[in-house]
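Chemist: Residue numbers (my numbering): -19 to 108.
Following this line, the structure appears as structure tokens:
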């Protein structure tokens, strides 16, 4: 059996969004938000040694008062091309296709850790 290559950062992000949507969180922070960088910084710090996609991300640099990552910024720009946002809040809504759902199985342990981490970041998920 051939092992799948690790997901790209874009694929991981989309699979994460699919997982979160299925958990009942219909929207995400604006893509230019610090919250995305905070999430990936915390996840890379805690789990980067276990997951190749995180290992391959470039370094985070302190810029403007918080850690930012150029690879993540590019990824979020790609997501912006396939998402919609509400102008009143800027929160992101995205339609996830079958490909992203399929990717969840390739990175399920990481996605679950990302979900738990995001839940601890104030404002990442909408209050219901």
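Backbone N, C-alpha and C define an ideal beta-carbon position, used for all residues, glycine too.
Remember, it's a predicted structure, so these values are computed and weren't measured experimentally.
Taking residue 74 as the reference, which of -11, -12, 5 has the closest Cα?
Modeler: Checking every option, the nearest Cα to that of residue 74 belongs to 5.
Chemist: To the nearest angstrom, how far is it from the Cα of residue 62 to the Cα of residue 56?
Modeler: Distance between the alpha carbons of residue 62 and residue 56: 10 Å.
Chemist: On the three-pair Cβ rule with 8 Å, is the stretch -17 to -10 touching the stretch 8 to 18?
Modeler: At 8 Å Cβ cutoff, the stretches do not touch.
Chemist: Since residue 50 and residue 34 are thought to touch, with beta carbons under 8 Å apart, how far apart are those beta carbons, to the nearest angstrom?
Modeler: Going by Cβ atoms, the distance from residue 50 to residue 34 rounds to 15 Å, so no, they are not a contact pair.
Chemist: Among the residues of its own chain, which have a CB less than 6 Å from the CB of residue 90, if the five just before and after it don't count?
Modeler: Excluding positions up to five away in sequence, the list reads 31.
Chemist: What residue range does the alpha helix (DSSP H) around residue 22 cover?
Modeler: Run containing residue 22: 14 to 27, per the alpha helix (DSSP H) assignment.
Chemist: Have a look at the DSSP bridge pairing and note the partners of residue 46.
Modeler: BP columns for residue 46 point to 43.
Chemist: Report the rounded CA-to-CA distance for residue 93 versus residue 58, giving the unit in angstroms.
Modeler: Going by the C-alpha atoms only, they are around 23 Å apart.
Chemist: Quick check on DSSP: helix, strand or coil for residue 97?
Modeler: Reduced to three states, the DSSP call for residue 97 is helix.
Chemist: Using DSSP with H/G/I as helix, E/B as strand and the rest coil, what is residue -10?
Modeler: In this structure, residue -10 counts as helix in the three-state DSSP scheme.
Chemist: Identify, in the order they occur along the chain, each residue of the same chain with its Cβ nearer than 7 Å to the Cβ of residue 99, setting aside the five sequence neighbours on each side.
Modeler: Taken in chain order, the residues that qualify are 105.
Chemist: Taking the alpha helix (DSSP H) that residue 34 belongs to, which residues open and close that run?
Modeler: Residue 34 -> alpha helix (DSSP H) spans 32 to 36.
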